[in-house]
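Visitor: After the structure tokens below, expect a handful of questions from me.
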Amino acid sequence: MLSRWTEDRRRSTQHRVLPPAADAPEEGLISLIMFMEVDIDQFIEPFAPPVGGDIFYEPVLATDYFTQRAQAATVA
Numbered sequence: 004m005l006s007r008w009t010e011d012r013r014r015s016t017q018h019r020v021l022p023p024a025a026d027a028p029e030e031g032l033i034s035l036i037m038f039m040e041v042d043i044d045q046f047i048e049p050f051a052p053p054v055g056g057d058i059f060y061e062p063v064l065a066t067d068y069f070t071q072r073a074q075a076a077t078v079a
């Protein structure tokens, strides 16, 4: 959503968590993430410059955006 809000000027990083190494199965995992919450009945649209850029992302209903992103998620 960050890339959509900023017209790709800022991008979120992919989040990946790997299991502990075979030689250290007791090693703990730490994952720090941040969630932005939007009302599902609101439109997500790009910010105006200077935060955003030229408008090329069409506004989309938040519920449709999150549904599309959830369907695109994979577990490898």
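Letter by letter, the sequence shown follows residues 4 to 79 in my numbering.
Note that CB positions come from ideal geometry on N, CA and C, so glycine has one too.
Measuring CB to CB, does residue 53 end up less than 8 Å from residue 7?
Guide: Not in contact: residue 53 and residue 7 (Cβ atoms no closer than 8 Å).
Visitor: If distances are taken between C-alpha atoms only, which option among 5, 65, 21 and 16 comes closest to residue 45?
Guide: Among 5, 65, 21 and 16, the Cα nearest to that of residue 45 is on 65.
Visitor: Select from 55, 63, 29 and 68 the residue whose C-alpha is nearest the C-alpha of residue 14.
Guide: Residue 14 has its Cα closest to that of 55, out of 55, 63, 29 and 68.
Visitor: Alpha carbon to alpha carbon, how far is residue 9 from residue 59? Give it in angstroms, no decimals.
Guide: In a straight line, the C-alpha of residue 59 is about 10 Å away from that of residue 9.
Visitor: What's the gap between the Cα of residue 74 and the Cα of residue 12?
Guide: Distance between the alpha carbons of residue 74 and residue 12: 24 Å.
Visitor: Tell me, which residues are paired with residue 5 by DSSP?
Guide: Note: residue 5 sits in no beta bridge, so no partner.
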